[in-house]
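Novice: Below is the structure I would like to discuss, written out as structure tokens.
Protein chains: 2
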Amino acid sequence: MFNTVAWKDGAVRLIDQTKLPTEVSYVDCKDVEAVAEGIKSLRVRGAPAIGITAAFGLALAARQITDSSFEPFYKNLLVQCDLLAATRPTAVNLFWAIERMKQLTLSLKDQALDRIRDILLAEANTILEEDISMNHRIGAFGADLIPSGAGVLTHCNAGALATGGYGTALGVIRSAWAKHQNLKIFADETRPVLQGARLTAWELHQDDIPVTLITDNMSGYFMKKGEIQACVVGADRIASNGDAANKIGTYSVAILAKAHDIPFYVAAPTSTVDFDMASGDEIPIEERDPSEVHTIGGKEMTPKGVKIANPAFDVTPAELITKIITEKGIFEPKEIRSAR
Amino acid sequence: MFNTVAWKDGAVRLIDQTKLPTEVSYVDCKDVEAVAEGIKSLRVRGAPAIGITAAFGLALAARQITDSSFEPFYKNLLVQCDLLAATRPTAVNLFWAIERMKQLTLSLKDQALDRIRDILLAEANTILEEDISMNHRIGAFGADLIPSGAGVLTHCNAGALATGGYGTALGVIRSAWAKHQNLKIFADETRPVLQGARLTAWELHQDDIPVTLITDNMSGYFMKKGEIQACVVGADRIASNGDAANKIGTYSVAILAKAHDIPFYVAAPTSTVDFDMASGDEIPIEERDPSEVHTIGGKEMTPKGVKIANPAFDVTPAELITKIITEKGIFEPKEIRSAR
Numbered sequence: 002m003f004n005t006v007a008w009k010d011g012a013v014r015l016i017d018q019t020k021l022p023t024e025v026s027y028v029d030c031k032d033v034e035a036v037a038e039g040i041k042s043l044r045v046r047g048a049p050a051i052g053i054t055a056a057f058g059l060a061l062a063a064r065q066i067t068d069s070s071f072e073p074f075y076k077n078l079l080v081q082c083d084l085l086a087a088t089r090p091t092a093v094n095l096f097w098a099i100e101r102m103k104q105l106t107l108s109l110k111d112q113a114l115d116r117i118r119d120i121l122l123a124e125a126n127t128i129l130e131e132d133i134s135m136n137h138r139i140g141a142f143g144a145d146l147i148p149s150g151a152g153v154l155t156h157c158n159a160g161a162l163a164t165g166g167y168g169t170a171l172g173v174i175r176s177a178w179a180k181h182q183n184l185k186i187f188a189d190e191t192r193p194v195l196q197g198a199r200l201t202a203w204e205l206h207q208d209d210i211p212v213t214l215i216t217d218n219m220s221g222y223f224m225k226k227g228e229i230q231a232c233v234v235g236a237d238r239i240a241s242n243g244d245a246a247n248k249i250g251t252y253s254v255a256i257l258a259k260a261h262d263i264p265f266y267v268a269a270p271t272s273t274v275d276f277d278m279a280s281g282d283e284i285p286i287e288e289r290d291p292s293e294v295h296t297i298g299g300k301e302m303t304p305k306g307v308k309i310a311n312p313a314f315d316v317t318p319a320e321l322i323t324k325i326i327t328e329k330g331i332f333e334p335k336e337i338r339s340a341r
Numbered sequence: 002m003f004n005t006v007a008w009k010d011g012a013v014r015l016i017d018q019t020k021l022p023t024e025v026s027y028v029d030c031k032d033v034e035a036v037a038e039g040i041k042s043l044r045v046r047g048a049p050a051i052g053i054t055a056a057f058g059l060a061l062a063a064r065q066i067t068d069s070s071f072e073p074f075y076k077n078l079l080v081q082c083d084l085l086a087a088t089r090p091t092a093v094n095l096f097w098a099i100e101r102m103k104q105l106t107l108s109l110k111d112q113a114l115d116r117i118r119d120i121l122l123a124e125a126n127t128i129l130e131e132d133i134s135m136n137h138r139i140g141a142f143g144a145d146l147i148p149s150g151a152g153v154l155t156h157c158n159a160g161a162l163a164t165g166g167y168g169t170a171l172g173v174i175r176s177a178w179a180k181h182q183n184l185k186i187f188a189d190e191t192r193p194v195l196q197g198a199r200l201t202a203w204e205l206h207q208d209d210i211p212v213t214l215i216t217d218n219m220s221g222y223f224m225k226k227g228e229i230q231a232c233v234v235g236a237d238r239i240a241s242n243g244d245a246a247n248k249i250g251t252y253s254v255a256i257l258a259k260a261h262d263i264p265f266y267v268a269a270p271t272s273t274v275d276f277d278m279a280s281g282d283e284i285p286i287e288e289r290d291p292s293e294v295h296t297i298g299g300k301e302m303t304p305k306g307v308k309i310a311n312p313a314f315d316v317t318p319a320e321l322i323t324k325i326i327t328e329k330g331i332f333e334p335k336e337i338r339s340a341r
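Read top to bottom, the protein sequences are chains A and B.
To convert a position in the first sequence, counted from 1, into the numbering used here, add 1.
To convert a position in the second sequence, counted from 1, into the numbering used here, add 1.
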């Protein structure tokens, strides 16, 4: 077993997801800049994992801020919060984790700074442990929605690598597999970064759960053939009306599922719900570097000078989502606000 | 300008599409085996181009069959027909071209063999010239369907590289561009073989027609944003009920177009219509080697041992197709039989 994010010898240790599956290696981030770089460059990705990483990043920052009184300590911590908050705009768990660490720090302002430092590290570990535990609950709730013998499609990676462990969408698939042992799992490869091909296929293969990898443009074909009975994906941010942002291509899968009368499930912890956001239209969509599309495996695939679009996420409207599976239970998308 | 397929110094010269866009090189096929290999390995691809290549392949075969009387000559020619027919199953133009060359040969059975050889080569050149001329007519008919300022999405490559020249879907786009000069062309990259990224983007870029490359899973996103007003694709085989087989992913684009009320056009010469086939359900779908998905740009992207599906085509039912654009005019899909 691997750890996606962990505290190790005074550093934040990440499995380097840019190297998977050909190389299993770890990076030790020894300052907040390295943590921010790890998030930006996708060494760690997936909304819950980004949140956990940011929490550890702030625990690390707290230990490196040498001030001896609260005011300057907190002021310097806020600078590090801003640095982390500027890494990626779409996943709300990043801002959620930063806010949680900030509020905790403020609540401790009368404590000795070394005690605050210890508590912040303990809190980051708690966020990690809570996340794993929530994913097991999400898995247990979600498994009830997957019939024996079903073909199940997932998009991108909402697995152990996207979370503290076990995964959200892959948590549902893991729990359903444990129950039925007869599912047929399909993973979209998920261009441009290939999280499906490189990460989901790797994770499931490690767990001896059989998976069939397909390119993103094949999902309609397999739905039409009757080989898919359920779609399960994660989310990067869910608005309070039930609209859900997730990896680019998720919206297309949801439209295809609807056209084939296949249920489409979003699995995410409630830390992914942005209760203050009215609708998915407000979710900022990150535009990433064209080189992700232009170059694959280090090889240029497109003529130089050709324009490339690279939005990293899209928003699936609530009406295309059959249910949202959280650690608090299963919700109608329109009623996700009641999970607050 | 390049030639996709041509007769050159006693050989069939192909632009090597497996090397594009990073390298523009040609292969000279000096026997039918080399022609068959060129088709199988996608050095030449695209339904019309495959048909033209097969015709040149048989012209080449005729010159290399040394028999001096018609019976053994024809018997040997049929062996070469079978070799070419076994290369790829889905595109009907392959079988159409082989049949045309066979029937012509039979009709010439009382002629001197050298005359037959010359006529077969002339016929292959005629098929090539007819194809280019049909594409210009398809372009002219289709351009009327593309409004000024439209965003136009195409999938795979149905361009000059897929035909004798000018292209079917890209013929429509070229003609519409010539008319309006203000279209926004989107090309899906078209995994696994990346015909969109490598070939369509290259062709349009060569012609100074601006194109935005997107990954296959982005098309729904841009439709929802209102940036796409028409989809135009080619076809590998159209059944007599108007169902159309084309590159994998075409069906998904058609479903997405329908969900966004965007017209979805298929552009193809009538040689792509299989008038004897009742429905698209009968069209054989080629399953290609998993390595096309597994490896990109020579680099392994998926863990070893993971199962991969690689159907190369899918079938879009007639009811999802707004119009079929042919060299004989624009047809309702359900009435394509009247193009016979």
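Note that CB positions come from ideal geometry on N, CA and C, so glycine has one too.
#1: Could you tell me which whole beta strand (DSSP E) segments of length 3 or greater appear in the stretch 155-227 of chain A?
#2: If contact means a Cβ-Cβ distance below 7 angstroms, which residues of the stretch 283-302 of chain B contact chain A?
#3: Give the straight-line distance between the Cα atoms of B/GLY165 and B/ILE174, rounded to the nearest whole angstrom.
#4: Apart from the five residues on each side of it in sequence, which residues of its chain come closer than 6 angstroms, Cβ to Cβ, to A/PRO264?
#5: Given a cut-off of 8 angstroms on the beta-carbon distance, is the pair A/LEU59 and A/LEU121 in contact?
#6: Of the residues A/ARG44, A/LYS31 and A/ILE40, which one's Cα is nearest the Cα of A/ASP17?
#7: Excluding the 5 residues preceding and the 5 following A/LYS110 in the sequence, name in chain order all residues of the same chain whose CB lies nearer than 6 angstroms to its CB.
#8: Do you know offhand how far B/ALA269's Cα is from B/ARG238's?
#9: State the DSSP-derived secondary structure class of A/ARG238, mapped to helix, strand or coil.
#10: Is it the case that the Cβ atoms of B/ALA258 and B/MET219 are separated by a distance below 8 angstroms?
#11: For B/LEU195, return the contacting residues in chain A, with the cut-off set at a CB-CB distance below 7 angstroms.
#12: May I ask you to report which of helix, strand or coil DSSP gives A/THR271?
#13: Quick check on DSSP: helix, strand or coil for B/ASN126?
#14: Could you tell me the alpha carbon to alpha carbon distance between A/TRP8 and B/MET302, rounded to whole angstroms?
#15: Which partner residues of A/LEU15 appear in the DSSP bridge assignment?
#16: What are the partner residues of B/ASP315, as DSSP defines its beta bridges?
#17: Which residue wins for smallest C-alpha separation from A/LYS76, given the options A/ALA92, A/LYS103 and A/ALA245?
#18: Does any residue of chain B have a CB that is nearer than 8 angstroms to the CB of A/HIS181?
#19: Kindly indicate if chain B contains any beta-carbon less than 8 angstroms away from that of A/LYS20.
#20: Does the CB of A/SER26 have a neighbour CB from chain B at under 8 angstroms?
#21: In the DSSP assignment, find the unbroken beta strand (DSSP E) run with B/ILE326 in it and report its ends.
#22: Considering only C-alpha positions, which residue in the set A/TYR222, A/VAL25 and A/PHE332 is nearest to A/LYS244?
#23: Let me know the secondary structure DSSP gives B/ILE139 once reduced to three states.
#24: Determine the DSSP secondary structure at B/GLY281, reduced to helix, strand or coil.
#25: Restricting to Cα atoms, I'd like to know which of B/GLY235, B/ALA310 and B/ALA179 is closest to B/THR317.
#26: Going by the DSSP bridge assignment, what does A/ALA231 pair with across the sheet?
#27: Would you say the beta carbon of B/ARG101 comes nearer than 7 angstroms to a heavy atom of the ligand ZN?
#28: State buried or exposed for B/ARG114, treating a residue as buried only when at least 16 other CB atoms are found within 10 Å of its CB.
#29: Whole angstroms are fine: how far does the CA of B/GLU100 sit from the CA of A/ILE249?
#30: Rounded C-beta distance between B/HIS156 and B/VAL254? I'm assuming under 8 angstroms.
#31: Does DSSP put A/GLU34 in a helix, in a strand, or in coil?
#32: Which first and last residues belong to the alpha helix (DSSP H) in which B/PHE96 is found?
#33: Check whether the Cβ atoms of B/ILE53 and B/ILE128 sit closer than 8 angstroms, and answer yes or no.
#34: So what's B/ILE286 in DSSP terms, helix, strand or just coil?
#35: Taking 8 angstroms as the CB-CB limit, is A/VAL233 close to chain B?
#36: Answer with yes or no whether the minimum CB distance from B/PRO264 to chain A is below 8 angstroms.
Specialist: To lay it out plainly:
#1: Correct list: 185-189 and 212-215.
#2: Cβ contacts with chain A: VAL294, ILE297, GLY298, GLY299, LYS300, GLU301 and MET302.
#3: As a working note, residue 165 of chain B is residue 164 in the second sequence. As a working note, residue 174 of chain B is residue 173 in the second sequence. Using only the alpha carbons, I get a separation of about 16 angstroms.
#4: Here residue 264 of chain A refers to the residue found at position 263 when the first sequence is read from its first residue. If we look at A/PRO264 and ignore the five residues flanking it on each side, its Cβ neighbours are ALA231 and THR323.
#5: Numbered from its first residue, the first sequence carries residue 59 of chain A at position 58. Numbered from its first residue, the first sequence carries residue 121 of chain A at position 120. Yes, these two residues count as a Cβ contact at 8 angstroms.
#6: Residue numbering aside, residue 17 of chain A sits at position 16 when the first sequence is read from its first letter. Cα-wise, what sits closest to A/ASP17 is A/ARG44.
#7: Here the question's residue 110 of chain A lines up with position 109 in the first sequence. A distance below 6 angstroms between beta-carbons, with the five flanking residues on each side excluded, links A/LYS110 to the following residues of its chain, in chain order: PHE71.
#8: By 1-based counting over the second sequence, the position of residue 269 of chain B is 268. By 1-based counting over the second sequence, the position of residue 238 of chain B is 237. Each residue's Cα considered, the two are about 9 angstroms apart.
#9: One-based indexing of the first sequence puts residue 238 of chain A at position 237. Residue state, collapsed to three classes: strand.
#10: As a first step, residue 258 of chain B must be located in the second sequence, where it is residue number 257. As a first step, residue 219 of chain B must be located in the second sequence, where it is residue number 218. Using a Cβ distance threshold of 8 angstroms, B/ALA258 and B/MET219 do not count as a contacting pair.
#11: For the purposes of this step, residue 195 of chain B is taken as the residue at position 194 of the second sequence. Close to B/LEU195, with beta-carbon spacing below 7 angstroms, are these residues of chain A in chain order: MET302.
#12: The residue given as residue 271 of chain A occupies position 270 in the first sequence. Residue state, collapsed to three classes: helix.
#13: For this step, residue 126 of chain B is matched to residue 125 along the second sequence. Look at B/ASN126 here: in three-state DSSP terms it is helix.
#14: For the purposes of this step, residue 8 of chain A is identified with residue 7 of the first sequence, where counting begins at 1. For the purposes of this step, residue 302 of chain B is identified with residue 301 of the second sequence, where counting begins at 1. Inter-residue distance for A/TRP8 and B/MET302 is about 29 angstroms (C-alpha atoms, whole angstroms).
#15: In the first sequence, the residue the question calls residue 15 of chain A occupies position 14. In DSSP, A/LEU15 forms a bridge with A/VAL6 and A/VAL28.
#16: Residue 315 of chain B sits at position 314 when you count from the first residue of the second sequence. Answer is B/ASN247.
#17: Counting from 1 along the first sequence, the entry for residue 76 of chain A is found at position 75. Nearest Cα to A/LYS76 within the set A/ALA92, A/LYS103 and A/ALA245: A/LYS103.
#18: Numbered from 1 along the first sequence, position 180 holds the residue referred to as residue 181 of chain A. It does not: the Cβ of A/HIS181 has no partner Cβ on chain B nearer than 8 angstroms.
#19: On the first sequence, residue 20 of chain A is found 19 positions in, with the first residue counted as 1. Not closer than 8 angstroms to any Cβ of chain B, the Cβ of A/LYS20 fails to qualify, so no.
#20: Along the first sequence, read from residue 1 onward, the residue named residue 26 of chain A stands at position 25. At a cut-off of 8 angstroms between C-beta atoms, A/SER26 does not count as an interface residue with respect to chain B.
#21: The residue you call residue 326 of chain B lines up with position 325 of the second sequence. Element bounds for B/ILE326: 324-327.
#22: On the first sequence, position 243 is the one that residue 244 of chain A refers to. Before going further, note that residue 244 of chain A is Asp rather than Lys in the sequence given. Nearest of A/TYR222, A/VAL25 and A/PHE332 to A/ASP244, Cα basis: A/PHE332.
#23: Against the second sequence, residue 139 of chain B aligns to sequence position 138. DSSP places B/ILE139 within a helical segment (H, G or I) once states are collapsed to three.
#24: The count along the second sequence starts at 1 and reaches residue 281 of chain B at position 280. In this structure, B/GLY281 counts as helix in the three-state DSSP scheme.
#25: The residue you call residue 317 of chain B lines up with position 316 of the second sequence. Comparing Cα-Cα distances from B/THR317 to each of B/GLY235, B/ALA310 and B/ALA179, the minimum goes to B/GLY235.
#26: On the first sequence, residue 231 of chain A is found 230 positions in, with the first residue counted as 1. BP columns for A/ALA231 point to A/VAL153.
#27: This structure simply doesn't include the ligand ZN, nor any ligand for that matter.
#28: Taking the first residue of the second sequence as position 1, residue 114 of chain B is located at position 113. Rather than Arg, the amino acid found at residue 114 of chain B in this sequence is Leu. Counting Cβ neighbours within 10 Å, B/LEU114 comes out buried, since at least 16 surround it.
#29: Locating residue 249 of chain A in the first sequence gives position 248, where the first residue counts as 1. Locating residue 100 of chain B in the second sequence gives position 99, where the first residue counts as 1. Here the alpha carbon of A/ILE249 sits roughly 45 angstroms from the alpha carbon of B/GLU100.
#30: Reading the second sequence from its first residue, position 155 is the one you call residue 156 of chain B. Reading the second sequence from its first residue, position 253 is the one you call residue 254 of chain B. So it is a contact: roughly 5 angstroms between Cβ atoms.
#31: Translated into positions along the first sequence, residue 34 of chain A becomes position 33. In this structure, A/GLU34 counts as helix in the three-state DSSP scheme.
#32: Translated into the one-based positions of the second sequence, residue 96 of chain B becomes position 95. Unbroken alpha helix (DSSP H) run through B/PHE96: 93-108.
#33: Residue numbering aside, residue 53 of chain B sits at position 52 when the second sequence is read from its first letter. Residue numbering aside, residue 128 of chain B sits at position 127 when the second sequence is read from its first letter. For B/ILE53 and B/ILE128, yes; Cβs fall inside 8 angstroms.
#34: Counting from 1 along the second sequence, the entry for residue 286 of chain B is found at position 285. Coil, per DSSP.
#35: Numbered from its first residue, the first sequence carries residue 233 of chain A at position 232. Closer than 8 angstroms: no.
#36: Numbered from 1 along the second sequence, position 263 holds the residue referred to as residue 264 of chain B. No, B/PRO264 does not count as interfacial toward chain A.
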